[in-house]
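Colleague: I am attaching a structure below and will ask some questions about it afterwards.
Number of protein chains: 2
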Amino acid sequence: MAETLAPTALTLKDIAREAGVSLATVDRVLHNRPGVRPDTVRRVKDAIARNSFQPHVAAAELARGRARRFAFVMPSGPNPFMQQIEAYLGEMAAWLSARRLNVEMIATDVFEPAALAASLEALSGDYDGLAVVALDHPSVRAAINDLVDAGTKVVTLVSDVPSSRRHHYVGIDNIAAGRTAGALVGRLVGQRSGKVAIVAGSQGLRDHAERIFGFNQVMGSEFPDLSVLPVLEGRDDDGRSEQLLARLLGKHPDIVGLYNVGAGTQGVAKALNDKALNEKTSGAAGRDKQVVFVGHDVTALTRRLLLQGVMDAAISQNPGHEARAAVRVLLALARGEPILSEQEKIRIDIVMRDNLP
Amino acid sequence: MAETLAPTALTLKDIAREAGVSLATVDRVLHNRPGVRPDTVRRVKDAIARNSFQPHVAAAELARGRARRFAFVMPSGPNPFMQQIEAYLGEMAAWLSARRLNVEMIATDVFEPAALAASLEALSGDYDGLAVVALDHPSVRAAINDLVDAGTKVVTLVSDVPSSRRHHYVGIDNIAAGRTAGALVGRLVGQRSGKVAIVAGSQGLRDHAERIFGFNQVMGSEFPDLSVLPVLEGRDDDGRSEQLLARLLGKHPDIVGLYNVGAGTQGVAKALNDKALNEKTSGAAGRDKQVVFVGHDVTALTRRLLLQGVMDAAISQNPGHEARAAVRVLLALARGEPILSEQEKIRIDIVMRDNLP
DNA sequence: CATGAAATGAGTTGCGTACCTCAAAACACC
DNA sequence: GGTGTTTTGAGGTACGCAACTCATTTCATG
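In order, the protein sequence lines correspond to chains A and B. The numbering of the first sequence is the numbering used here, which starts it at 10 and goes up by one. The numbering of the second sequence is the numbering used here, which starts it at 10 and goes up by one.
Below, the structure is given as C-alpha cells:
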C-alpha cells in the first residue's frame, strides 16, 4: 500500500566501508580525481551502484563553499521576449539567493557571429555556466566548444546550435511549431478556400526558416484548397510588416489565413484591422469573412488581440519556463546531477482566448 | 551591462551583529520560537530585510538532519492518470533521494467521503506533507483542516477543496478548460451548423460539472448555430459510453461536434468510427462530414486517436508537471520558502496532432 | 529592594560533504 | 635490493545552520 520511493540514508562513510577503502579514495573516485587504480575505481563505483547511493546535495553544496556564477547571454536592444526572461529571473531572486547562485544578464549583438563569438570567448573562466541565445555559425560553434572544453556548462536558449557540443538545448522544436501553426490555420479556416500569407522576420534566421518549413509542410499535404503566398520579410518591424501586408491584402482579396512567424505583430494587426474596416463600410463582414490570424508568443499585445478576436491563436513557448529550465539545467550540470528531461522540455503551447495563461 | 541578481553571501552571524543580538536570538526569531521581546523581533527582522538575507537552504537542510516524508493520497483502482503520476515520481527518484525526501503513494477510496476523511485523519503526524486527490465534502474539508492545524502541509491535487485551509491547489481551472473545449469544438466545426453532444463521467463530479459549465457558456454565447444536446453520463466506462453515444448518433444525424469530458474514450471513439464506416458505405464522407471530437488528457489512446485524425484536440493538464509541482510546493512549504506561483501553475494545454508532446 | 519570570547571551554539537596535507604502503623497474 | 613513482590511508578543517543547554541579564511586580 505505502511504497517508499526513495529510502536512501547512506553516507560516503558507508560506501567507503562497503568498498573496503578509505573516505579519501571514495572522494577521489566521486570527483574523477587522479591517483586511483582502475580496479579500485570499479570497486568503489560498484558499491555506489549497489546501494544506489546519492550524495546529499545539501551537504555537497555547503561543503564546496563558493557560490556558482551563471550568465544569460542575450540580444541587446529592446526585445520583449528577452525582457520577459529577465523579469522571470527577477521573480526567482529569493530562490537563487537561497542557493547561493549568481545569475547575470549579458547583452550582446547576437546577430553578428563574430561579435557573439568574441563575447563568448571573453567570458571563458568567469562563469560556471552560460545560457546563450545563439545563432548557428561556425565561429559561434567554435566559441561554444572552447567554453565546454574549459569546463563551463553551456546551454543554448530559444535558438539551438546543434552542431556544437553544448550540453543542452532549452527551447522548442521550431519545425513542429510551424506545423502546429499550419494545422491551426487550416482547421480554423474551415471549408473556405483561398490564399494564405506568411509574414516572417527574415528567412535567414534559423528558427523562422524552420517554422516556415513546417508550416508549408502541413499546408501542402493537408490543405490543398489553400495556396500559400510568398513569404513577406518584415524584419520584425511593425511599420514594414504593416506596409508589406497591406499591399498583399489589397492585391489578393481572397486571403483567408495569415501566419505571423516572428515579431512585428502590431503592424500585422493594423493591416488586418484596416482591411476589416474597409469591408465593413463596403458591406461584407462577419466571422466568415475574417482572416484567420495565427502568430507566436503571448505578450501584452498578443493577449489583447486574442481577447479582441483579431488573433485566433498564438503558438507560445512559455519564457518563464525557459528561464527557469535554463537555470535548473545549468545547476544540475554543475552539480553533476541527472537532468529531468521531461521537466525541462519546452512544450509548444497553443494559446487561444479561453486558455490564456 | 552585467547586472547581478542575487549577490547575497551573508550568514546568520552577520545578521546577529547587524541587529546587535546573539546568534541564538536570531535563530529564535527565524523559527518563531518564544522568548523574544516584540521590539527585538522587529530589530532582527529589520536587519534581515535590510540585507535581503536568505538562509542558505543547503546549510539548513543539512543541519536539520531528519529526512522529510511526503505522501500522495490517490484513488485506488486502475486509473491511468494516477499511474502516470506514480511513474513520474519514479523518474524523480534520484532527485528525491539526493534531497533526502521520502515520497509514498497511498491508495484510498477517494469517492467515499467518509473513507477518505478517515484515511486522512489516520495519517496525522506521520508526514510532513500530503498531496491529496480529494472531493469537496464537509468531512473531507474537516480532515484537511485538522491536518493543517497539526502542522502538516497539505496540497490538493487535480481536484480542489477550496473551502478547506489547504495550503495550495495543484491543478487546472476546470471551467476554463471547458470553455477552451467549447471554443475548439465551435471553431473547428467551422461554418456548419448542427448539434453537439457531451459525454461525461458523471455530472456529480466537481471537475466534470465545471467543465460542462464552461463548455456550455461558450457554446451559448458564441456559437448560436450549434445546439448542445443533454449530457450523456458514461460513468467513465467504455462500454456504456459507446452504447449511449451510438444511440444518440443514430437519433441525431446532424451531430457535428462532440466533447468527451472524462474517460471512456475508447468507447466514444468506437461509436464515432462505426458511424463513419456506415456513412462511407452509404456514400457520404470527407472531412466536412466528420464529427469534431475534443477530449481530455494525453494517454497512449488519445495520442493514437489524434494521430489517426479521429480526435481533433485534447485538453491536457500534464500529469508530470502536476506530480513535480506537488512535490516542489510541499518542499517549499516545509522549508518556509516562497512558492514560485508562475512555475507551479498548471496550464491548460491544447494538444493537437502536431504539438503532441 | 527582593523575587521570580522572561529575555538574552554564549557556547556546543552535529549534519555530510569538499578539499587539503602528510605519511605510509604498494608497486614497477633496473 | 634499491630507487623512484603511484596509490592509498588517516586525519583535519571548514561550510552555515538547527537545536540544544545553561548561565546571565533585564524586567515587572509586590
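Glycine included, each C-beta is placed from N, C-alpha and C at the ideal position.
1. Tell me whether GLN92/A is buried or exposed, calling it buried when 16 or more other Cβ atoms sit within 10 Å of its Cβ.
2. Quickly, what does DSSP pair LEU235/A with across the bridge? List them, please.
3. Do you know offhand how far GLY266/B's Cα is from SER202/B's?
4. Got a sec: which bits of the stretch 82-112 of chain A sit with their beta carbon under 8 angstroms from any beta carbon on chain B, in order along the chain?
5. How about ASP245/A and GLY273/A: do their beta carbons lie closer than 8 angstroms?
6. Using the Cα positions of ASP158/A and PHE224/B, report the straight-line distance between them to the nearest angstrom.
7. Check whether chain A comes within 8 angstroms of ASN269/B, counting only Cβ atoms and requiring the distance to be less than that.
8. Give the residues from the stretch 343-365 of chain A that approach chain B closer than 7 angstroms (Cβ to any Cβ), ordered along the chain.
9. Would you mind reading off the limits of the alpha helix (DSSP H) that contains ILE348/A?
10. Which residues in the same chain as SER128/B place their Cβ atom closer than 6 angstroms to its Cβ, once the five residues preceding and following it in sequence are excluded?
11. Curious, which full-length alpha helix (DSSP H) runs of at least 4 residues does the stretch 56-119 of chain A contain?
12. Report the neighbours of GLN317/B on chain A: residues whose CB is nearer than 7 angstroms to its CB, in chain order.
13. Rounded to the nearest angstrom, what separates MET83/A and ARG215/A at their Cα positions?
14. So, with DSSP's three-state summary, where would you put GLY273/B?
15. Comparing C-alpha positions only, which one of ASN327/B, SER350/B and GLY329/B sits nearest to VAL338/B?
16. Where does ASP358/A fall in DSSP's three states?
17. Out of VAL205/A, GLU353/A, ALA107/A and GLU219/A, which one is the CA nearest neighbour of LEU235/A?
18. Examine chain B for any beta-carbon lying closer than 8 angstroms to the beta-carbon of PRO47/A, and answer yes or no.
19. Between which two residues does the beta strand (DSSP E) holding ILE181/B run?
20. Where does GLU121/A fall in DSSP's three states?
21. For a contact defined as C-beta to C-beta under 8 angstroms, what are the partners of ARG333/B on chain A?
22. With a floor of 4 residues, list each alpha helix (DSSP H) that falls wholly inside the stretch 306-335 of chain B, ordered by position along the chain.
23. Under DSSP, the beta strand (DSSP E) around LEU139/A begins and ends at which residues?
24. Quick one: using the 10 Å Cβ neighbour count with 16 as the cut-off for buried, is ARG150/B buried or exposed?
25. How many Å lie between PRO89/A and MET114/A at the Cα?
26. Using the beta-carbon of each residue, which ones in chain A are nearer than 9 angstroms to PRO328/B?
27. Is there a C-beta anywhere in chain A that falls below 8 angstroms from the one on LEU71/B?
28. Let me know if HIS40/A comes out buried or exposed under the rule of 16 or more other beta-carbons within 10 Å of its beta-carbon.
29. What residue from GLY134/A, ILE207/A and ALA102/A has the CA that sits closest to MET228/A's CA?
30. Looking only at its own chain, which residues have a Cβ that is under 6 angstroms from the Cβ of ALA255/A, when we skip the five neighbours before and after it?
31. Using a Cβ-Cβ distance cut-off of 8 angstroms, determine whether ARG249/B contacts chain A.
32. For GLU70/B, which residues of its own chain have a beta-carbon under 8 angstroms away from its beta-carbon, when the five flanking residues on both sides are left out?
33. Roughly how far, in whole angstroms, is the beta-carbon of ALA28/A from the beta-carbon of ARG52/A, given that I think they are within contact range, below 8 angstroms?
34. How should LYS162/A be labelled, buried or exposed, when 16 other C-beta atoms within 10 angstroms of its C-beta is the threshold for buried?
35. Taking its Cβ as the centre, do 16 or more other Cβ atoms sit within 10 Å of GLN326/A, making it buried, or is it exposed?
36. What does GLY199/B touch in chain A if you count any residue whose Cβ is under 9 angstroms from its own?
Modeller: Taking the structure as given:
1. It is exposed - the Cβ of GLN92/A has fewer than 16 other Cβ atoms within 10 Å.
2. In the DSSP secondary-structure assignment, LEU235/A is bridged to GLY203/A.
3. Approximately 10 angstroms between the Cα atoms of the pair.
4. Listed in sequence order: TYR97, LEU98, GLY99, GLU100, MET101, ALA102, ALA103, TRP104, LEU105, SER106, ALA107, ARG108, ARG109, LEU110, ASN111 and VAL112.
5. Yes. Within cutoff.
6. Going by the C-alpha atoms only, they are around 55 angstroms apart.
7. Residue-level contact check: ASN269/B does not touch chain A, since none of the beta carbons of chain A fall below 8 angstroms from its beta carbon.
8. Those would be GLU346, PRO347, LEU349, GLU351, GLN352, ARG356, ILE357, ASP358, ILE359, MET361, ARG362, ASP363 and ASN364, in chain order.
9. For ILE348/A, no alpha helix (DSSP H) segment is defined, and its DSSP state is neither H nor E.
10. Taken in chain order, the residues that qualify are THR117.
11. Entirely contained in the stretch 56-119 of chain A, the alpha helix (DSSP H) runs reaching 4 residues are, in chain order, 66-73, 89-100 and 102-107.
12. Within 7 angstroms Cβ-Cβ: nothing; GLN317/B doesn't reach chain A, min ~14 angstroms.
13. Whole-angstrom Cα-Cα distance: 16 angstroms.
14. In this structure, GLY273/B counts as coil in the three-state DSSP scheme.
15. Of the candidates ASN327/B, SER350/B and GLY329/B, the one whose C-alpha sits nearest the C-alpha of VAL338/B is SER350/B.
16. When DSSP states are grouped into helix, strand and coil, ASP358/A belongs to the strand group.
17. Nearest option by C-alpha distance: VAL205/A.
18. Contact with chain B is absent for PRO47/A, since none of that chain's Cβ atoms lies less than 8 angstroms from the residue's Cβ.
19. Here ILE181/B belongs to no beta strand (DSSP E), and DSSP marks it neither H nor E.
20. DSSP, reduced to helix, strand and coil, places GLU121/A outside both helices and strands of the structure shown, so it counts as coil.
21. The answer, in chain order, is LEU349 and GLN352.
22. Within the stretch 306-335 of chain B, the runs of alpha helix (DSSP H) at least 4 residues long that lie entirely inside it are, in chain order, 309-317.
23. Counting along the chain, the unbroken beta strand (DSSP E) around LEU139/A starts and ends at 138-141.
24. Residue burial is scored here from C-beta neighbours: ARG150/B has at least 16 other C-beta atoms within 10 angstroms and is therefore classed as buried.
25. Note on geometry: alpha-carbon atoms of PRO89/A and MET114/A lie some 15 angstroms from one another.
26. Those within 9 angstroms of PRO328/B in chain A number zero; the least Cβ separation is about 10 angstroms.
27. So yes, LEU71/B belongs to the interface.
28. Here HIS40/A is exposed, its C-beta having fewer than 16 other C-beta atoms within 10 Å.
29. Out of GLY134/A, ILE207/A and ALA102/A, ILE207/A has the C-alpha closest to the C-alpha of MET228/A.
30. For ALA255/A, the CB contacts under 6 angstroms within the same chain, skipping 5 residues up- and downstream, are ALA280 in chain order.
31. It does not: the Cβ of ARG249/B has no partner Cβ on chain A nearer than 8 angstroms.
32. Cβ within range, chain order: ARG108, ARG109 and ARG344.
33. Their Cβ separation, rounded to whole angstroms, is 5 angstroms, which keeps ALA28/A and ARG52/A in contact under 8 angstroms.
34. By the Cβ-count criterion, LYS162/A is buried, with 16 or more other Cβ atoms from all chains shown falling within 10 Å of its own Cβ.
35. GLN326/A should be labelled buried.
36. ARG196, LEU197, VAL198, GLY199, GLN200 and ARG201, listed in chain order.
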